[in-house]
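Going by the working numbering, the first residue of the sequence shown is number 17, and it counts up by one from there.
Even glycine gets a Cβ: it sits at the ideal position worked out from N, Cα and C.
Note that the structure is a prediction, hence the values are computed from the model and not measured.
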Amino acid sequence: MKITPRVFSGMQPTGSLHLGNYLGAMVNWIRMQDTHECIYCVVDLHAITVWQDPVELRDATRQVTAAYIAAGLDPAKSILFNQSQVSAHAELGWIFNCVARLGWLNRMTQFKEKAGKDREQASVGLYAYPNLMAADILAYRATHVPVGDDQKQHLELARDIAQKFNNDFRDRIVAEGFADGIFFPQPEPVITGPATRVMSLRDGTKKMSKSDPSDLSRINLTDDADTIAKKIQKAKTDPEPIPAEAEGFKGRPEAENLVGIYAALADEPVAKVLAAFGGQQFSGFKKALAEVATDKVGRIGDETRRLMQDPAEIDRILAGGAGRARAIAAPVMEKVKDIVGLIRS
Ligand code: AQP
């Protein structure tokens with residue numbers, strides 16, 4: 017059972033995906049399909065760490081799957097499935113609840129942000145979320161995890177969990193035939209590109225997010241051309257012209273965000289975008305940005321809607337992917353149980 021390069025990542029079906037999800041993570045997912053064995057998941061068990069309407073959850077799970085495929089994930093190349101169909105995630109998540117330390121979880125900034133002031137009322141699942149995320153990755157002994165910048169801390173925790181498991185059970189791991197004492201790899205975050213943290217269109221200091229109450233804060237992958245143009249036109253800017261060099265972004269988060277989005281969508285370096293638009297007012301730049309955004313996002317939205325007309329086909333793809341995922345995770349879980357000392361039949 018050798019560790020081989022393998023990619024794992026996922027998104028929550030908590031609403032429709034947005035440009036941040038696409039540019040921060042999915043662009044790398046699509047790219048890595050050609051070079052790696054890839055497993056991409058719709059993480060429905062993570063979604064229910066906050067209340068989800070059951071009917072809407074099912075629909076959102078299919079929507080996110082359709083958006084994955086519409087954006088360029090190929091279910092014949094990559095494994096696509098929803099998390100709850102593969103029980104290894106929850107089983108390993110429990111074992112990791114017993115490996116991770118409270119002190120580690122207490123440092124997680126995402127929990128603090130999401131739980132807000134009313135922390136006592138947050139679900140236990142929301143608190144333990146990073147342990148389940150570590151299980152998602154390590155149930156496949158995945159080595160690379162393409163994510164946006166906001167997931168860096170959770171990835172570090174997954175690495176700590178892998179290391180502590182290897183240390184705690186070192187003798188058993190060696191006895192099971194892993195001479196170097198390493199059962200779980202240290203998963204590497206893949207956080208690259210000009211838009212690893214896409215910010216809200218209404219506030220350049222807040223990340224673009226599905227759960228922001230203002231729909232004007234984000235471009236959804238299902239928005240039509242008119243909506244995209246309207247949101248970009250209304251995007252917050254400042255009265256200064258676009259800077260000619262990146263140093264000019266200092267204290268101007270909205271300007272930096274819009275230029276970063278343009279660069280990522282047009283697949284051009286930021287310096288080239290600044291060379292073309294530096295010194296100009298935002299009105300002209302916003303028209304150009306709307307054009308490039310409509311072109312990319314519009315196509316994804318159209319294809320998502322077409323795929324959503326056949327939900328049974330989406331369910332078939334998820335079931336097929338789940339079968340392939342189970343085939344990888346099941347022997348890993350068997351070894352984990354042997355290592356930990358759990359009797360299995
Ligand atoms: N604004 C962003 N910029 C770059 N990457 C982002 N990601 C999310 N927002 C941005 C990346 O998208 C992937 C999937 O995220 P998720 O669905 O697991 O949930 P999230 O990170 O919590 O995303 P949201 O949109 O902010 O959802 P809500 O509002 O429900 O919490 C991850 O790789 C993430 O880094």
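Nearest to Glu107 (by Cα), restricted to the options Ala150, Leu33, Asp69, Gly26: It is Ala150 whose Cα lies nearest to the Cα of Glu107.
Integer Cβ distance of Arg234 from Ser216, believed to fall under 8 Å: 7 Å
Alpha-carbon spacing of Asp254 relative to Asp134, whole angstroms: 35 Å
Inter-stretch contact at 8 Å, needing at least 3 Cβ pairs: the stretch 218-234 / the stretch 196-208: no
Contacts around Tyr278, its chain only, beta-carbon distance under 6 Å, and the 5 residues preceding and following it disregarded: Val289, Leu305
Within the stretch 197-271, ranges of the alpha helix (DSSP H) (whole runs, at least 4 residues): 241-250
Secondary structure of Val23, DSSP reduced to three states: strand
beta-carbon Gly164 near the ligand AQP non-hydrogen atom, thresh 7 Å: For Gly164, the Cβ falls inside the 7 Å cut-off from some heavy atom of the ligand AQP.
Coarse secondary structure for Leu96, derived from DSSP in three states: strand
For Glu192, three-class secondary structure by DSSP: coil
Under the three-state DSSP convention, the category Val308 falls into: If DSSP states are grouped into helix, strand and coil, Val308 belongs with the helices.
DSSP beta-bridge partners of Pro162: Answer by DSSP bridge pairing, in chain order: Val206.
Own chain, CB closer than 8 Å to Met378, minus 5 neighbours either side, in chain order: There is no way to answer for residue 378, as the model of the chain reaches only from 17 to 361.
Segment limits, beta strand (DSSP E) that includes Gly53: In the sequence as displayed, the identity of residue 53 is Glu instead of Gly. Annotation: the continuous beta strand (DSSP E) that includes Glu53 extends over 53-58.
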